[in-house]
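Going left to right, the sequence shown walks through residues 0 to 321 as numbering that gives the first Met the number 0 numbers them.
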Amino acid sequence: MKKMSIVVPCYNEEAALPVYYGEMFRVMEEMSGISFELIFVDDGSSDKTLKILKEMHESDGRCKYLSFSRNFGKEAALYAGLKSAGGDYVATMDVDLQDPPGLLPEMYRILEEESYDSVATKRSDRAGEPKIRSFLSESFYKVINRISKTEIVSGARDYRLMRRNMVDAVLKMSEYNRFSKGIFEWVGFRTKWLEFRNVGRCAGETKWSVGKLFSYSIEGITGFSVAPLSLASVIGVMFCLFSFVMIFVIILRTLVWGDPVSGWPSLVCIIFMVSGIQLFCTGIVGEYLSKTYLETKRRPIFILKDSSERDKGETYGEQKEV
Ligand code: UDP
Ligand code: MG
């Protein structure tokens with residue numbers, strides 16, 4: 000019998016968990032030929048999430064849980080879940096039913112009948128999302144796909160079903176600064192994309208503020224492109240060329256018309272602009288430096304406080320030696 004693991008990150012999801020389990024129960028009944036394990040990762044929730052997970056584990060042995068010592072973020076939760084997943088097929092999905100579990104039978108059928116290693120999903124629209132958030136997301140995808148060799152699909156969800164070989168490859172990437180949308184693409188393998196209409200959360204609230212999304216996008220850009228690092232050199236060369244032309248023009252003008260003292264306000268503006276650009280470029284270098292700094296510390300990606308798999312599970316999501 001084939002085994003399927005479902006990895007579900009949960010952060011303060013007491014309201015959504017029972018609804019999710021109800022929906023997933025129906026799907027598991029429908030796919031009766033497969034043995035399931037649901038791996039819920041409690042990402043340091045401060046509500047009753049862990050209590051509910053324990054109750055679910057008691058009443059249904061297929062429900063397992065890992066609980067972090069604090070909030071490590073969704074990326075760390077996904078990594079921990081994938082690490083402890085033992086299935087031939089592994090799916091990752093959100094608990095708020097924005098990733099419809101009803102798609103699983105179709106995703107499984109594709110992997111069984113067609114020669115794909117993974118079935119990924121993306122939203123066909125952004126209905127119900129604030130306009131400003133949609134605009135920022137679209138801009139992010141445009142920028143990153145211009146400067147990164149790894150294609151990051153616009154509207155892609157972290158909802159996908161993978162074969163074991165792909166999961167093992169993803170686990171090989173034990174970096175501290177994680178950006179799953181990039182990691183899934185970077186490892187390669189044949190992926191089929193399914194589209195579905197955007198649906199709202201079944202319960203609870205989104206955990207992503209605009210600020211959090213912004214740092215997530217910086218994570219994506221610094222993780223999968225080094226193009227911003229060459230920005231300083233490009234701008235520097237442009238400014239040098241511009242200044243050579245200006246020097247020539249000014250010398251010529253002085254020789255022809257004399258040298259009246261004027262133009263200091265424009266000079267101040269230029270100084271402000273150039274120093275602004277310099278600081279901006281230094282900031283970019285700093286961004287990469289800070290990521291490298293955190294990476295070299297080799298801190299664990301997550302720390303477990305509690306788990307239904309106490310003997311088997313790893314307590315620390317330690318990074319592999321390089
Ligand atoms: N999540 C998490 N840790 C966090 C934030 C979110 O594990 O720090 C989980 C959350 O419980 C949910 C999924 O990640 O299952 C997606 O979060 P959310 O629905 O808030 O994001 P959105 O769908 O609004 O992008
Ligand atoms: Mg959601």
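Ideal placement from N, C-alpha and C gives every residue a C-beta, glycine not left out.
- Exclusion of G21 from the 8 Å shell around the ligand UDP follows from its C-beta lying no nearer than that to any non-hydrogen atom of the ligand.
- Boundaries of the beta strand (DSSP E) around T120: S117 to R122.
- Closest option to M0, judged by alpha-carbon separation, among Y20, S34, E29 and K141: S34.
- Taking the C-beta atoms as reference points, E194 is found nearer than 9 Å to R122.
- With a 10 Å radius around the Cβ and a threshold of 16 neighbouring Cβ atoms, Y292 comes out exposed.
- Boundaries of the beta strand (DSSP E) harbouring A90: Y88 to T91, taken from the DSSP string.
- DSSP, reduced to helix, strand and coil, places I33 outside both helices and strands of the structure shown, so it counts as coil.
- Taking 9 Å as the cut-off, the Cβ atoms of M30 and Y78 do not count as close.
- Under DSSP, S4 forms a beta bridge with E36 and V89.
- Within the region 167-203, the complete alpha helix (DSSP H) segments of 4 residues or longer fall at 179-185, listed in chain order.
- Around the beta-carbon of V244, fewer than 16 other beta-carbon atoms lie within 10 Å, marking it exposed.
- Membership of Y10 in any beta strand (DSSP E) is not indicated, and neither H nor E is assigned to it by DSSP.
- Note that the region 154-162 touches the region 82-102; at least 3 beta-carbon pairs, one per stretch, sit closer than 8 Å.
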